Each structure stands twice: as C-alpha cells, then as structure tokens.
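For the sequence shown, full-length UniProt numbering assigns the number 1 to the initial residue and increments by one for each residue that follows.
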Amino acid sequence: MRSVLLIEDDIFDTMTAQKSFARFNVPHTLHTAFNGEEALDLLLGRQGQTALRPLPEVILLDLNMPRMNGAEFLAELRADPELRDIPVFVTTTSSMEADRAATGALGVHGYILKPLDFETSPDLIDSLSLLEHLLK
Numbered sequence: 001m002r003s004v005l006l007i008e009d010d011i012f013d014t015m016t017a018q019k020s021f022a023r024f025n026v027p028h029t030l031h032t033a034f035n036g037e038e039a040l041d042l043l044l045g046r047q048g049q050t051a052l053r054p055l056p057e058v059i060l061l062d063l064n065m066p067r068m069n070g071a072e073f074l075a076e077l078r079a080d081p082e083l084r085d086i087p088v089f090v091t092t093t094s095s096m097e098a099d100r101a102a103t104g105a106l107g108v109h110g111y112i113l114k115p116l117d118f119e120t121s122p123d124l125i126d127s128l129s130l131l132e133h134l135l136k
C-alpha cells in the first residue's frame, strides 16, 4: 500500500485533504504531521517516535507553519541522504511567484494551491497527474 505524508498545521485543510484522498482509486495510507519538526521526528524516529517505514512515496508540505515552516523542513529533508529523494508537493494559499521560486530551488515536484480539493481545482491538473502517477 502506498503512503503519503501530509504536513499541515490547519485541521480544516487536513480534513479536506483526507476527504480528497479518500476519492482516489489508489490504495494509500495518509500520515499527518502538524509542522516540520513533527514530520522530521516521524521520518527519522526522533522524540520517541517510531520511524515511518517504508518511507512515504510523496510528501504534501504546507509552507506556512509554526515551529518549523515548509521551506526550513524542505532544506532539512534535502540535506538527509536517506530522505532527499522523496517527491514533495508544496501546498499553500500563496500564489506569489516568489514562493514558487524559493521552493522550486529546493527541488519540489509540484505546487498546489489550497484548499486541497483535488476534484474542483482545474489549475492543478499537471501536479495532480504527477501525484497520481507517483501513487500508482
């Protein structure tokens, strides 16, 4: 079964993503973390967490979070030899080109505007096609 890690601090956005993923025809497990630190703890088995294994096939990453934001998390992820190749899709309410450029420099696979309703956002076709491909 495929695995996805959603890193999102907003419970409403988390629930919306969970509902959208439930509509996929691909069996998957959705893991959640509420900030970058919590996600790294889960991926690396720190702070009493059991390391998430197998590693997720995809990470959906919010940019604006407390404690460790998305850009800081992505820099840490890309610096770790075991984690650096996990595909990451940035999720955010920001449509600013500067945000896309900053995260693009850190090797993201796609940029998805929130809310994460995969059925009603026609501008997400390319990112969603890649996301579905990675989960099959």
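Where is the CB? At the ideal position from N, CA and C, for every residue including glycine. As the structure is a computational prediction, the values presented were derived from the model and not from experiment.
Examine the ligand COA and report whether any of its heavy atoms sits within less than 7 Å of the Cβ of tyrosine 111. The model depicted lacks the ligand COA and carries no ligand whatsoever.
- For the alpha helix (DSSP H) containing aspartate 41, list its first residue and its last residue. 36-44
* Measure the C-alpha to C-alpha separation of aspartate 85 and arginine 78 and round it to an integer number of angstroms. => Taking the straight line from one Cα to the other gives about 7 Å.
Task: Distance CB(residue 138)-CB(isoleucine 7) smaller than 8 Å - done: With the chain running from 1 to 136 in the structure shown, residue 138 is simply not present.
Residue burial classification, valine 4 (beta-carbon count within 10 angstroms, cutoff 16): buried
Cβ-based burial, glutamate 38 [other Cβ within 10 Å; buried from 16]:
buried
Just to confirm the assignment, what range does the beta strand (DSSP E) spanning proline 110 have?
Looking at the sequence itself, residue 110 is glycine, so the reference to proline does not match. First-last of the beta strand (DSSP E) with glycine 110: 110-113.
Which same chain residues, not among the five before or five after valine 108, have their C-beta less than 6 Å away from its C-beta? Sequence-distant Cβ neighbours of valine 108 in its own chain, meaning closer than 6 Å and more than five residues away, are Val88 and Val90.
Check: Does the separation of the CB atoms of methionine 65 and aspartate 13 fall below 8 Å?
Finding: It is not a contact, given that the beta carbons lie outside the stated cut-off.
- Assign aspartate 62 to one of two classes, buried (16 or more other C-beta atoms within 10 Å of its C-beta) or exposed (fewer than that). buried
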